[in-house]
Structures are given as C-alpha cells and as structure tokens.
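Asks: For what it's worth, full-length UniProt numbering labels the leading residue of the sequence shown as 1, then goes sequentially. Note that beta-carbon positions come from the ideal geometry of N, C-alpha and C, so glycine has one too.
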Amino acid sequence: MTATGTRPDAAPATDPGTRRVDLDISGMTCASCVARVEKKLRREGAAEAAVNLALERATVLVPADGPSDEQLVAAVEKGGYGARVRSAAAPGSALEDAVGATDGSELDRHEADQREALHRTLVSAALSVPIVLVSMVPPLQFPGWQWAALALATPVVLWCAWPFHRAAAINLRHGTTTMDTLVSLGVSAAYLWSLWALLFGGAGRIGMTMDFSLTPAMHGGHHEIYLESAAVVTTLILLGRWAQARAVHRSSAALRALLDLGAKEATVLELGPDGRTLERTVPVGELRTGDVFVVRPGEKIATDGVVVTGSSAVDRSMLTGESVPEEVSAGDEVAGATVNAHGRLEVRATRVGADTQLAHIARLVEHAQTSKAPVQHLVDRISGIFVPVVIALSLLTLAGWLLTGHGAEQAFTAAVAVLIIACPCALGLATPTAIMVGTGRGAELGVLIRSAEALEASRAIRTIVLDKTGTLTTGAMTLRDVAVAPGADRAEILALAAAVERGSEHPIARAVVGAAESEADAAALLQTLTAEGTAARAGSGVSATVATPGRAAREVTVRRIEADDVLDDAVAAAAARSGDEGATVSAVVVDGAVLGVLALGDAIRPESAGALAALRRLGIRPVLATGDAAPAAWHVARALGIDEVHAGVSPEDKLRLVEALQAEGAGGVAMAGDGINDTAALAAADLGIAMGTGTDAAMASGDMVVSDGSIATIPTAIRLARATLRTIRWNLFWAFIYNVVAIPLAMAGWLGPLIAGAAMAFSSVFVVTNSLRLRRFR
C-alpha cells in the first residue's frame, strides 16, 4: 500500500510564459461547432484552446506576445458565434466573482434558452400530431384537409424551426455546414414543394386525397404534399435541442451548490465612539483581511481566518469529508463555510473572496469541467462530410433527372426525396431515446445518468478512485468497542460516559449516547443517572459530576488518553489496536482513574465488499483516496482488499491523483465520492459517480448520481451505462445503414418524398423500439 502526503493548496497552474483567458461562447449546437471555434482561436495565435459545448465556455492559453482579448473575441465572432471575456476576480470580491461562474445574467440566459426550447417543442408537437394524422390516414382526409394541414404546418416551419434556419444561414455566410443545414434544407424543401403543389400543382383541389404509389417520381408527384415530413422532422429535432438546453442549464449546478455553502453574512466587531466594542452585521462580501468577526454555535464561519478568542469544535466535513470535528482554540486556523459546533469564537479574517479555500475548490471544479473535452458523438463527427454529401447528391439527382429528359416536377420530387430520406430523424433519436429509456430504468434502480458523456466514459473505465467516508463507510460515528478495567462493569462505564455526553451535539457524544441507549443494560442504568456541572474544554474532553441513586456522586471525564494515564494491560492493548485501525479512542475517567476506553469510528458499509468484488469482475481496479489519517484508511483497505491507498489527501490531491492515473494511460478513471472535497476530482474524472446521500455540490459534479447512496449500486450503474451505450451504437449503425440503402433508392425515383417520410418514420420507430429493450435491464 502507498500513502500520499498533503500537497500545498494551489490553483491550476499554467506556463509562466502564457496567460489564461476564459471566454463565454454562444451559438454552438454540435461538436463541429466546437472544432470550428477551437480552430479559429488557434489560427488567431492561441497556444491552446479547449472549448466545452455543455458549459458554452472556452479556456484559452495565450503566449505573452499573443493576441489580445479583443482579438480572440473577434476571431470567434468571425466564425459566426458570440463571445465575451469572463471578468477576472478582484482581491476581496465576493465568492461569485471569485469563480466567475454563476453570475445572474448567465443563469437567466440558460433558463431563458431552456424555456424557449421547451415552448417551441410543445407548440411543434401540438401542431404536428393532427398534421400527421390527416396526412397519413386516408379516412381522415376531409374536404380541404390539405389547406388545414398547411395552416398548421406554417407556424411549425417558420417559427418552431427558426433556430435551424438561423443557424443554417449563419453557417452559409461563413461557408460551412452542420446538421442544422440539413434539417433546414429538408424542412424548407418539403414545405416549399407542398406550397407549390397546393397553389399550382393541383394538390389544392377540394376533395383531393394522397396517392401512395411506391414510385411517385415516375408520374410527377405534382399532386403530393409533404407537410407531415416537415412537421415531424422539426418536432423530433427540437426535442433533442430541448434536452441539450436542459443539460446546459444544469452544467453550472455544482458551482451554484458550492456558492450556497458559504455564509451570507458576518458579525463584525468594531470599536464604537465611546471605546466599547460593537457588533455589526455585514454582507460577507464586505469582509476585509484583518476584520474580526463573531461565530456563534451552529453558525457557518464567514471566511478563512485565525481564532482570536474562544474554543470549540469545528465541523470541517465539507472540506475533508471526515465526520470527526476538529477542536480549535486561540491561534488555530479555521476555514470559511465550515460550521462551529459549540462555543463562541472570535476570528480574524486572513483570506477573503477569491483567496478562500471554498473559492479555491470552486475554481478547481470550474477548471476541471472546462478542460474536460466533450464527447465527439458519431453524428457530429461526420456531419462535416455527411451534410455536404447529401446536398450534393440531391443536386446531382435533380440534374440527372433533368439531363435524362424527365420533367422538372419529377426531377424536383426525386431531389426532395433525397433530402427528406437523409434528414437525421433516426440519427437524432439514436442517442436521446436510448438515454431516456436507460436513465428511466436507472432511476428505478437508484441511478441517475446525466449525459451521453457518462455512457461513453463507462466503456473505458479500468480504475475507480473511491472516497472512504460516506462511500465505503457509513459516514457516521459509531461505537466500535468498549474495553474496561478488571472489576469494572461494561454497561456502567458506557452509561456513565453517556450521562456526561448527553446534551452535546458533538458527533462523538451522539455516538456514545446512541450506543448506550441501544443496549438494554446500559440504557436502564442511564435513566437513573444525573449529570451536573457539565463542562467541555477544548482538548480536555467533557467532565461532569454524576449522581447515582444509593451511592456517592462521582467525577466522570470523557477525554483523550494521556501519556501519564495508568491503564490495565488489556485496556491498553485494546486502545492501541483500535488506534491502529484508525478509531478515535476516548478514556472514561472515574474519580481520577481510567476505568475504560471507548473506540469510535466510521463503520464499513456491509455491502462494500460485494460491490468491490463486482467492480473487479467488470475489470475495474479500486483505489482508495481519503482525507482521513493513514491508520483509518489502511484499516478499511485491508478489510476490503484494496492494494493502493492515498491517505490524508486534500481536495487538490484527489484531483491530481485522478489526473495522474489518467496520464498513466491504463484506461479511463472513475471517481466515487460524496463530499465537497470530492467535487473537483468528480468533475475531472472520466466518469464521476456521486453518492446521493452526499452534498449537493458533489451530486452536481457527478456524471452519475447513486440516489440511494449505496456503493452496491455503482457496479449496476456502470453495467447499465455500458448497456445503454451499446444500444446507442446499434441505433446509430442501423440509422446510417438505412441512409446508405435508402438514398440511392430515392435518387433512382423509387422513393418519393411521401414514401421517404414514411420510411424515415419507420427508421425512427426501429430506433425507439431498440431503445425500449433497456427497460428489461437487470
């Protein structure tokens, strides 16, 4: 086994000869947009450019003599996208400015985009259903039905499909094509041909019904309309865009959750005009280095600082992930957003705003998310070739039919059929339908899968980094063992300790009292005991005078074992053994004599051993990384058969460990954790698995969330992700095969636009049916 030391707290570094520029990018719709933006930035002189589609953000490293911020923005805008520089945080600014990630305008924009996408999708779906019914079911074709279909289809094509038309126009202006180009062309061609047929081709005649000939191009097709194709294409693609808008809106959830952890106000001590010390409540953003502020029991510490007066226990679990509070007194450092368990503290601020530990963790999360390259989905990877090829084939079909002596109507019908048959409904459905079914089944099994990125990452995972507390263990202090001196009674010693600790909110106190109340003999005795004069002193434990009916009161103290304590050999051996296993050992001192020791610690989850065995069967090697001390980490590792251990690690250490394992090239790296200290590593891992019983920030950083918090669900989550990915790949394969076979038939005139629309619908039904098989996953 190996253990790592604690590295100094530092932000992600860059080359001293470069500067980092963060840009917000708007207008991107697919991976080809990402590649285009990166290419534009590199051509402008950027040393490195990484664009994140989900976050709509670019991280650019610029040489010292490289382009200015304005030149970078201009380069992106020349490519047809919007850009703005994210403002840098000033010293002493609020945490929101420190991470620069969640300003109100950006959140409002994401919410507005999501609302607009949903609105367009709902309107398109509501109008498309009657169009499809009346167009595809002849008995429903009442006199004038085609004009009613036109009235319904017009807002779908002109307003609902407007984002595709706008993107296609921007791409055309810059000489590029994307899937938006193909969608816009297919929808527009189907609608314009239908409009021409209604006005000039005889399709507008009252009483007309559709002709379902297999070879409509052979007889002109002038009376056929294809409004249902235009409407269905628009609705299905909009559904995918709405899902993407939701993903973008959730992308900053981890940072928002981190911001919510911080205190909003601070009580500052000031010297009044009369020389008396006054308390004044101010927003935390107004705190400055050197200010002294008050922290009462139960309050969050406003910012990083040093204790001036007072003593207490501080719950640092949001930073370390460990359940045991840290005792602090004058001269000790404390971190912002941690919780003061008991006792009044006066703290002098040493770091504020962007310099705090919480702000640093937020920057680590932001950096890890931004530098995480988006998955290059198969559809997006080939769109740069597929779209212009389809357009060229459509034009070739038009020219071929004209040059071989056929009429313009026949030629145009075949050309439109090529566009419609190639329109990416099945391709667009291949991923979202499998994800919807897979994630729905996952929810039933206690797994939340956030995106296709998680699915693709699951296939390559060969190592999983596991947090200890709350992941492999319960995360709560429990009584492991009670050892008593000869002649002492176990139940009595436990009851005396519980009587002293009763009323305290300290986790150790709650564990002792809970253990006593759960044991019949100790619980019965505890009801008869009365503790008076209870006093808690930092580093000295808790003392009280305990009265027992029928005997003299006794002085009882629960504290750490001291070097000069006289211990029975058996008690000393038990204490040493528990200490080696990472337990917290407390002595129960009665009238000056140590009559027993209590060993408390975090219990291993019963399901952990089976879960690790299942992960190994999947070809995944477990690695333990914890902020806890080495003895506790090694105790858990030995019990579970884990060979590699990293103990006493900071949040940055966990991030660096994930990055180091990724650099080894031995396969993908997953990270499973539940605490704030895990968020950066969760975001940086190829697959971040957050435990649902953990913090909101950790859950927001994960690619998957195990909602029941059980590690036994992690192997199930990975198997489900891999099964969903296989389904997506099969969906894409058959969708492409369908295009390869169908496009030549459409070019030959064997598939007119109407039959092409039906065939396109069939391919979509096949993709959906294949995806529904995931509902049977076990």
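Considering only residues of the same chain and omitting the five flanking positions on each side of F164, which have a CB-CB separation below 6 Å?
Replies: Translated into the one-based positions of the sequence shown, residue 164 becomes position 164. Answer for F164: D180, V183 and S184, listed in chain order.
Asks: Taking 8 Å as the threshold (C-beta atoms), are T121 and I435 in contact?
Replies: What you label residue 435 is simply residue 435 of the sequence shown in a count that begins at 1. What you label residue 121 is simply residue 121 of the sequence shown in a count that begins at 1. No, the pair does not count as a contact, with Cβ atoms beyond the cut-off.
Asks: Could you tell me if H119 is buried or exposed, where buried requires 16 or more neighbouring beta carbons within 10 angstroms of its beta carbon?
Replies: One-based indexing of the sequence shown puts residue 119 at position 119. Counting Cβ neighbours within 10 Å, H119 comes out exposed, since fewer than 16 surround it.
Asks: With burial defined as no fewer than 16 other Cβ atoms inside 10 Å of the residue's Cβ, what is the status of L651: buried or exposed?
Replies: Working through the sequence shown from its first residue, we reach residue 651 at position 651. The question names Leu, but residue 651 is Pro in the sequence shown. Looking at its Cβ environment, which holds 16 or more other Cβ atoms inside 10 Å, P651 is buried.
Asks: Applying the 10 Å Cβ sphere with the 16-neighbour rule, what's the burial state of G175?
Replies: Here residue 175 corresponds to residue number 175 of the sequence shown, with the count starting at 1. Label assigned to G175: exposed.
Asks: Under 8 Å, with one C-beta from each stretch per pair, do the segment 624-637 and the segment 519-535 reach the 3-pair mark?
Replies: Result no; under three Cβ-Cβ pairs closer than 8 Å.
Asks: Evaluate the contact criterion for the segment 465-472 versus the segment 487-505: three or more CB pairs, one atom per stretch, below 8 Å.
Replies: The segment 465-472 is not in contact with the segment 487-505.
Asks: Let me make sure I understand the geometry here. Which of D591, G601 and V447 has the alpha-carbon closest to that of R510?
Replies: Start at 1 with the first residue of the sequence shown, and residue 510 comes out as number 510. Of D591, G601 and V447, the residue nearest in Cα terms is G601.
Asks: Count Cβ pairs between the segment 139-158 and the segment 227-243 that sit closer than 8 Å; are there 3 or more?
Replies: These segments touch.
Asks: Does the pairing of the segment 535-555 with the segment 441-460 give three or more beta-carbon distances under 8 Å?
Replies: Counting Cβ pairs under 8 Å, fewer than three are found: no touch.
Asks: Cβ atoms of I689 and M671: under 8 Å apart, would you say?
Replies: For this step, residue 671 is matched to residue 671 along the sequence shown. For this step, residue 689 is matched to residue 689 along the sequence shown. Cβ atoms of M671 and I689: closer than 8 Å.
Asks: If you scan the segment 134-174 from start to end, which runs of the alpha helix (DSSP H) of 4 or more residues do you find wholly inside it?
Replies: Counting only runs of 4 or more, we get 145-155 and 162-173.
Asks: Can you name, in chain order, every residue of its own chain whose Cβ lies under 8 Å from the Cβ of V37, other than the five neighbours on each side?
Replies: Mapped onto the sequence shown, residue 37 falls at position 37. Excluding residues within five positions, the ones whose Cβ falls inside 8 Å are I25, M28, A49, V51, A58, V76, G79 and Y81.
Asks: Beta-carbon within less than 6 Å of A681's beta-carbon, same chain only, minus the 5 sequence neighbours each way: which residues are those?
Replies: Counted from its first residue, the sequence shown places residue 681 at position 681. Once the five neighbours on either side are set aside, the close Cβ partners of A681 are K654, L655, V658 and M671.
Asks: Which two residues bound the contiguous beta strand (DSSP E) that contains F293?
Replies: As a first step, residue 293 must be located in the sequence shown, where it is residue number 293. Start and end: V292 to V295.
Asks: Ignoring anything shorter than 4 residues or poking outside the segment 440-512, list the alpha helix (DSSP H) runs there in chain order.
Replies: As far as the segment 440-512 is concerned, its whole alpha helix (DSSP H) runs of at least 4 residues are 452-460 and 490-501.
Asks: Within 10 angstroms of the Cβ of D674, are there 16 or more other Cβ atoms? Answer buried if so, exposed if not.
Replies: By 1-based counting over the sequence shown, the position of residue 674 is 674. Buried: at least 16 other Cβ atoms inside 10 Å.
Asks: From which residue to which residue does the beta strand (DSSP E) around N340 run?
Replies: As a first step, residue 340 is located in the sequence shown; it is residue number 340 there, counting from the start. Taken as a continuous stretch (DSSP letters only), the beta strand (DSSP E) holding N340 covers V339 to H342.
Asks: To which residues does DSSP link V437 through a beta bridge?
Replies: On the sequence shown, residue 437 is found 437 positions in, with the first residue counted as 1. Per DSSP, none; premise fails for V437.
Asks: Run the CB neighbour count on L345, radius 10 Å, all protein chains shown included, and call it buried at 16 or more, exposed below.
Replies: Sequence index remark: in the sequence shown, residue 345 carries index 345 (1-based). Classification for L345: buried.
Asks: Going by the beta-carbon positions, is the gap between F412 and L398 smaller than 8 Å?
Replies: As a working note, residue 412 is residue 412 in the sequence shown. As a working note, residue 398 is residue 398 in the sequence shown. Contact: yes.
Asks: Alpha carbon to alpha carbon, how far is A485 from T309?
Replies: Counted from its first residue, the sequence shown places residue 485 at position 485. Counted from its first residue, the sequence shown places residue 309 at position 309. The alpha-carbon atoms of A485 and T309 are separated by roughly 38 Å.
Asks: Let's test the definition: count the other Cβ atoms within 10 Å of the Cβ of P325 and tell me whether it reaches 16, buried, or not, exposed.
Replies: Position 325 of the sequence shown, counting from 1, holds the residue named residue 325. Label assigned to P325: buried.
Asks: Taking DSSP's pairing of strands, which residues face G285 in a bridge?
Replies: Your numbering for residue 285 matches position 285 in the sequence shown. DSSP, once it has assigned bridges, lists no residue as partnering G285.
Asks: For the candidate residues D678, V556, V513 and Q410, whose alpha-carbon lies nearest to that of T534?
Replies: Sequence index remark: in the sequence shown, residue 534 carries index 534 (1-based). T534 has its Cα closest to that of V556, out of D678, V556, V513 and Q410.
Asks: Taking the CB atoms as reference points, tell me whether V284 and A263 lie closer together than 8 Å.
Replies: Walking along the sequence shown from the start, residue 284 turns up at place 284. Walking along the sequence shown from the start, residue 263 turns up at place 263. Their beta carbons are under 8 Å apart, which means V284 touches A263 by this criterion.
Asks: Put M210 into one of helix, strand or coil per three-state DSSP.
Replies: Counted from its first residue, the sequence shown places residue 210 at position 210. In this structure, M210 counts as coil in the three-state DSSP scheme.
Asks: Output yes or no for whether 8 Å exceeds the beta carbon distance between R296 and N340.
Replies: On the sequence shown, residue 296 is found 296 positions in, with the first residue counted as 1. On the sequence shown, residue 340 is found 340 positions in, with the first residue counted as 1. Contact: yes.
Asks: Check each candidate in V292, T471 and V542 and name the one with the smallest Cα separation from T711.
Replies: Taking the first residue of the sequence shown as position 1, residue 711 is located at position 711. It should be pointed out that residue 711 corresponds to Ile in this sequence rather than to Thr. Nearest of V292, T471 and V542 to I711, Cα basis: T471.
Asks: How about V268 and I301: are their beta carbons less than 8 Å apart?
Replies: Taking the first residue of the sequence shown as 1, we reach residue 268 at position 268. Taking the first residue of the sequence shown as 1, we reach residue 301 at position 301. No, the pair does not count as a contact, with Cβ atoms beyond the cut-off.
Asks: Quick one: which unbroken alpha helix (DSSP H) runs of 4-plus residues sit fully inside the segment 530-578? Chain order, please.
Replies: Here no run is fully enclosed.
Asks: Using a Cβ-Cβ cut-off of 8 Å, state whether V21 counts as contacting chain D.
Replies: In the structure shown, chain D does not exist; there is a single protein chain.
Asks: Taking the beta carbon of G487 as the centre, do at least 16 other beta carbons fall within 10 Å, making it buried, or is it exposed?
Replies: Within the sequence shown, the letter at position 487 stands for residue 487. G487 is exposed by the Cβ-count criterion.
Asks: If we ignore side chains and look at the alpha-carbon of each, how far apart do D274 and G290 end up?
Replies: Counting from one through the sequence shown, the residue named residue 274 turns up at place 274. Counting from one through the sequence shown, the residue named residue 290 turns up at place 290. For D274 and G290, the distance between alpha carbons rounds to 22 Å.
Asks: Taking only the alpha-carbon atoms, compute the straight-line gap between T350 and E492 and give it to the nearest angstrom.
Replies: In the sequence shown, the residue the question calls residue 350 occupies position 350. In the sequence shown, the residue the question calls residue 492 occupies position 492. Rounded to whole angstroms, T350 to E492 spans 47 Å at the Cα level.
Asks: Please classify V765: is it buried, with 16 or more other beta-carbons within 10 angstroms of its beta-carbon, or exposed?
Replies: Walking along the sequence shown from the start, residue 765 turns up at place 765. With fewer than 16 Cβ atoms within 10 Å of its Cβ, V765 is classed as exposed.
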